[in-house]
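**Q** Quick mapping for you: the protein sequence lines, in order, are chains A and B.
Per the working numbering, residue 1 is the first one in the first sequence, and the count goes up by one each step.
Per the working numbering, residue 1001 is the first one in the second sequence, and the count goes up by one each step.
Number of protein chains: 2
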Amino acid sequence: MNIGVLGAGQLGRMLALAGYPLANRFTFLDTTGHPSAGIGDVMVYTDQHHLDDFLDKVDLVTYEFEHLPVALVQAIEELRPVYPSSEAIRICQNRAQEKALFDRLGIPTPAYRLVQSAEELEAATRELGAPVVAKSVTEGYDGKGQAVLRDPAEAVDAWRSINHPQLVVEAFVDFVREVSIIAVRGREGDVAFYPMAENLHVDGILRYSLAPMPDLDETVQQTADGYIRALLDELDYVGVLTLELFQTRDGQLLANEMAPRVHNSGHWTMDGAVTSQFENHLRAIQGLPLGDTSARMPTCMVNVIGQEGDAAAILAIEDAHLHRYDKSERPGRKLAHVNLLAPTHAELLEKVHACACLLPEAPEPRFSFEDS
Amino acid sequence: MNIGVLGAGQLGRMLALAGYPLANRFTFLDTTGHPSAGIGDVMVYTDQHHLDDFLDKVDLVTYEFEHLPVALVQAIEELRPVYPSSEAIRICQNRAQEKALFDRLGIPTPAYRLVQSAEELEAATRELGAPVVAKSVTEGYDGKGQAVLRDPAEAVDAWRSINHPQLVVEAFVDFVREVSIIAVRGREGDVAFYPMAENLHVDGILRYSLAPMPDLDETVQQTADGYIRALLDELDYVGVLTLELFQTRDGQLLANEMAPRVHNSGHWTMDGAVTSQFENHLRAIQGLPLGDTSARMPTCMVNVIGQEGDAAAILAIEDAHLHRYDKSERPGRKLAHVNLLAPTHAELLEKVHACACLLPEAPEPRFSFEDS
């Protein structure tokens, strides 16, 4: 089975590493001009004949990057099976569509407004109560295209800085933690759910994901499972889907956004779960049985951002698993991640702190359950 | 770090899959004309200019196949670091040298004789007591170049069928089981040992490896650790070394042969150990700290030989991990392996039987500890 992947970054690289053992071969179609997968057959898309070459090589198509021209994915869908479908991309590319879908399925979200001018932004900020966060409805990624407004008077500046014709304005949520639920749905509609992860972001970039959470109420996991199952079924989705949520002080979950792909907050599954999110995505899109999503033991994923750190020192930590992306260093760039495993959460936190000390730009890892 | 690998089969493929996450890149030099790695940059060696190209690309060299021209490896050693050294290849290519090394280090072996004619073969068979096994001193692999003599009168036929100027003749050992010990030695002389595996062979081809063994006396593991450490230190060895042994009824270990590389009987470590043999080999040769060699839980590796079997049915077994080599089917060919994990040995054996039923040519898995 030759699998075509739209996008050619580290997510595609890790898909390929999970797929070689299934005898899959990989052809990547990069649309950014900056492929970094460093594995398989990488093609850079600039015109139609690249697309034809790509399609000649592949039996089915998936993607590791949702900021793709929807028309391109729809055109591919006419010629090859595409999992997940272009519909998932279309919705995930537009925060307004995404929020409407959440609303339709009864998945709670933070209060929000759609605005199309600085005046509307100011009014929405007033209505929701500052601070608010304003986000362009399209093309946001890792904190780009966003602004925090601490006062309605900042609306003109914020409007100008985001520079987009339509924004979603969201009330700030007094959340205890950011969490994510990752699930996978097979071609026959079978679904498997990973244990939820607690995620620590700094400046909109994920820094740590920890799963399973020691203090997670089983009913909260079941609520999240229900939300993501509704999304999967509504979209007749095939593959891995990620839903990021806020958990409030009273335990409620509010959907933040979803990603129609394997996700950074699921990298812990590479070493910490029986079956990784990458393998399960590939199993799903090929119509193979889904693998067990259970955690083997408490696991924390530590992102390596901007600078590599000392690989030897990281590898000297017991049960540390380094996953480098073979990219050059650049501020803010995701270069690698480390998965740390330990039999107890207390031991795990010790390792996380030890690992963070080895990474020049790592913020302090402080999880919500440490406060209790 | 660009790593050059001599040989380009499934062992090289799995080395590469373990090495991408360390940001290694791989260039393979195949000397057989039939590379199957299907990953990295594969070059077929036919003349000197291929070797020059290969060396231009790589920072250090290792191998996944020891049946290489020693002179070639020695020539490479003049220009690039080679781990393990050519000395390990030289000895492992010659059963007479290998036995002499075992003798010198006090590692017990089955009684043996070296013979250089049919007459000497007949005499050795008489002396050791039939049945005996005769093996060419060089080029044997997976049961090729061997003959069992049930009577000294078979010496002429056996000599002719093996067709080699020097043979090792070994007394049959009344063994309870075949086992192997895999260890890894770093550049600084640090050593880590994997739990021993019990191996089931049929017609000289490995079919099952199970580790850890439920009934293994700790002192037996320590004895094996001592033997392999003696070999590693004597050869100033860097990387993974495998020693295959017989365990006799009274618990004694007798060395059968060694392999200067990652080994089929260590494939269980890919899913069943904290650090796989492949990753540890790469850590060792790059001077990185060795990873934890502990087993996560009882694991059995099932080889897929000749025919693929039903991948979907295999993947439906809980905690089954399929590793295909993306090769075409051919009788006797190693095509894939499945690692099965279970919390207890009883559950593991159930899975092994279930898996064997899905493989057209799998013999019955029957481990020594099932008899007790």
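The beta carbon of each residue, even a glycine, is placed where N, CA and C say it ideally should be.
Small disclaimer: the values here were computed from a predicted structure and weren't measured.
(1) Assess, as a yes-or-no matter, whether the region 182-193 of chain A is touched by the region 275-295 of chain A under the definition of 3 or more beta carbon pairs within less than 8 Å.
(2) Examine the Cβ distances between the region 1296-1312 of chain B and the region 1204-1211 of chain B and report whether three or more of them are shorter than 8 Å.
(3) Quick one: Cα of A/Gln48 to Cα of A/Ala71, how far?
(4) Could you give the C-beta distance for A/Leu60 and A/Ile3, rounded to a whole number, given that I count them as a contact under 8 Å?
(5) Could you give the distance in angstroms between the alpha-carbon of A/Val148 and the alpha-carbon of A/Trp159?
(6) Just checking my contact of B/Leu1358 with B/Ile1314 at CB under 8 Å: how many whole Å lie between their CB atoms?
(7) Under 7 Å Cβ to Cβ from A/Arg363, same chain only, skipping five residues before and after it: list those, please.
(8) Do we get a CB-CB distance below 8 Å when we pair A/Asp59 with the residues of chain B?
(9) Looking at the structure shown, is B/Glu1120 part of a helix, part of a strand, or coil, going by DSSP?
(10) DSSP three-state label for B/Arg1187, please.
(11) Note down, in chain order, all residues in the region 1005-1025 of chain B with a beta-carbon under 8 Å from any beta-carbon belonging to chain A.
(12) To which residues does DSSP link A/Val44 through a beta bridge?
(13) Measuring only between beta-carbons, confirm whether B/His1323 sits less than 8 Å from chain A.
(14) Tell me the start and end of each unbroken alpha helix (DSSP H) in the region 169-238 of chain A that is at least 4 residues and wholly inside, in chain order.
(15) Label B/Glu1139 either buried or exposed according to how many other C-beta atoms from any shown protein chain fall within 10 Å of its C-beta, with 16 as the threshold for buried.
(16) Can you tell which of A/Asp271, A/Ala16, A/Glu98, A/Gln10 has the C-alpha that lies nearest to the C-alpha of A/Ser294?
(17) Which one of A/Gly129, A/Leu128, A/Gly145, A/Glu127 has the shortest CA to CA distance from A/Lys135?
(18) Going by other Cβ atoms of all chains shown within 10 Å of its Cβ, with 16 needed for buried, is A/Leu79 buried or exposed?
(19) How many angstroms separate the CA atom of A/Lys351 from the CA atom of A/Ala312?
(20) What does a CB cutoff of less than 7 Å around A/Glu329 pick up in its chain, not counting 5 residues either side in sequence?
(21) At a CB-CB cut-off below 7 Å, which residues of chain A make contact with B/Val1274?
(22) Interface residues of chain B around A/Asp310 at Cβ under 9 Å?
(23) Any idea what DSSP makes of A/Phe367, helix, strand or coil?
(24) Could you name the residues of the region 1323-1340 of chain B whose beta carbon sits closer than 7 Å to any beta carbon of chain A, in the order they occur along the chain?
(25) Can you pull the chain A neighbours of B/Leu1315, defined as C-beta to C-beta under 8 Å?
(26) What's the C-alpha gap between A/Ala342 and A/Pro298?
(27) One question on the structure: do A/Ala88 and A/Tyr237 come within less than 8 Å of each other, judged by their Cβ atoms?
(28) Using a threshold of 8 Å, state whether the C-beta atoms of B/Asp1041 and B/Thr1031 are closer than that.
(29) Can you look up B/Ser1328 in the DSSP assignment and give me helix, strand or coil?
(30) Just the Cα atoms here: how many angstroms apart are A/Asn163 and A/Asp157?
(31) Sort out for me which residues DSSP pairs B/Thr1242 with in a bridge.
(32) For A/Lys99, which residues from the same chain have a beta carbon less than 7 Å from its beta carbon, with the 5 sequence-adjacent residues on both sides left out?
(33) Quickly, what does DSSP pair B/Ser1136 with across the bridge? List them, please.
(34) State the DSSP-derived secondary structure class of B/Gln1270, mapped to helix, strand or coil.
(35) With a CB to CB cut of under 7 Å and the five nearest residues on each side skipped, what residues in its chain are close to A/Met213?
(36) Which same chain residues end up closer than 7 Å to A/Asn376 when comparing Cβ atoms and leaving out the 5 residues on each side of it in sequence?
**A** Concretely, from the data shown:
(1) At 8 Å Cβ cutoff, the stretches touch.
(2) Judged by Cβ distances under 8 Å, the region 1296-1312 of chain B makes contact with the region 1204-1211 of chain B, as three or more pairs qualify.
(3) Approximately 13 Å between the Cα atoms of the pair.
(4) 6 Å between Cβ atoms; contact.
(5) Those two C-alpha atoms are separated by around 11 Å.
(6) Indeed, because the Cβ distance is near 6 Å, the residues count as touching under 8 Å.
(7) What sits at residue 363 of chain A in the sequence shown is Pro, not Arg. Within the same chain, Val202, Arg207 come within 7 Å of A/Pro363 by CB-CB distance, once the 5 residues on both sides are set aside.
(8) A/Asp59 does not count as touching chain B.
(9) For B/Glu1120, the secondary structure class from DSSP, reduced to helix, strand or coil, is helix.
(10) DSSP places B/Arg1187 in coil when its eight states are reduced to three.
(11) So the list reads Arg1013, Leu1017, Tyr1020, Pro1021, Leu1022, Ala1023, Arg1025, given in the order they occur along the chain.
(12) For A/Val44, the beta-bridge partners assigned by DSSP are A/Asp30.
(13) The beta carbon of B/His1323 falls within 8 Å of a beta carbon belonging to chain A, placing the residue at that interface.
(14) As far as the region 169-238 of chain A is concerned, its whole alpha helix (DSSP H) runs of at least 4 residues are 218-234.
(15) In the assembly as shown, B/Glu1139 is an exposed residue. Its beta-carbon has fewer than 16 other beta-carbons within 10 Å.
(16) Nearest to A/Ser294 by C-alpha distance, out of A/Asp271, A/Ala16, A/Glu98, A/Gln10, is A/Asp271.
(17) Out of A/Gly129, A/Leu128, A/Gly145, A/Glu127, A/Gly145 has the C-alpha closest to the C-alpha of A/Lys135.
(18) With fewer than 16 Cβ atoms within 10 Å of its Cβ, A/Leu79 is classed as exposed.
(19) If you take the alpha carbons of A/Lys351 and A/Ala312, they lie about 15 Å apart.
(20) Taking C-beta separations shorter than 7 Å and ignoring five residues to either side along the sequence, the partners of A/Glu329 in its chain run Gly306, Gln307, Glu308, Leu335, following chain order.
(21) By Cβ distance, chain A contributes Asp319.
(22) Going along chain B, no residue has its Cβ under 9 Å from A/Asp310, so there is no contact; the nearest lies around 10 Å.
(23) For A/Phe367, the three-state secondary structure derived from DSSP is coil.
(24) For the region 1323-1340 of chain B, which is checked against every Cβ of chain A, the residues closer than 7 Å are His1323, Arg1324, Asp1326.
(25) For B/Leu1315, the chain A residues whose Cβ falls inside 8 Å of its Cβ are Arg283, Leu288, Pro289, Gly291, in order along the chain.
(26) About 6 Å.
(27) The answer is yes: Cβ separation under 8 Å.
(28) No; because the gap between Cβ atoms is not below 8 Å, this pair is not in contact.
(29) It is coil, neither helix nor strand.
(30) Rounded to whole angstroms, A/Asn163 to A/Asp157 spans 10 Å at the Cα level.
(31) Paired residues: B/Ile1182, B/Ala1259.
(32) The residues are Thr109, Tyr112, Val168.
(33) Per the DSSP secondary-structure output, B/Ser1136 pairs in a beta bridge with B/Leu1167.
(34) Residue identity differs from the one stated: residue 1270 of chain B is Met in this sequence, not Gln. Reduced to three states, the DSSP call for B/Met1270 is helix.
(35) The answer, listed in chain order, is Met196, Glu198, Phe369.
(36) Absent from the model: residue 376 of chain A. The displayed extent of chain A is 1 to 372, so no value can be given.
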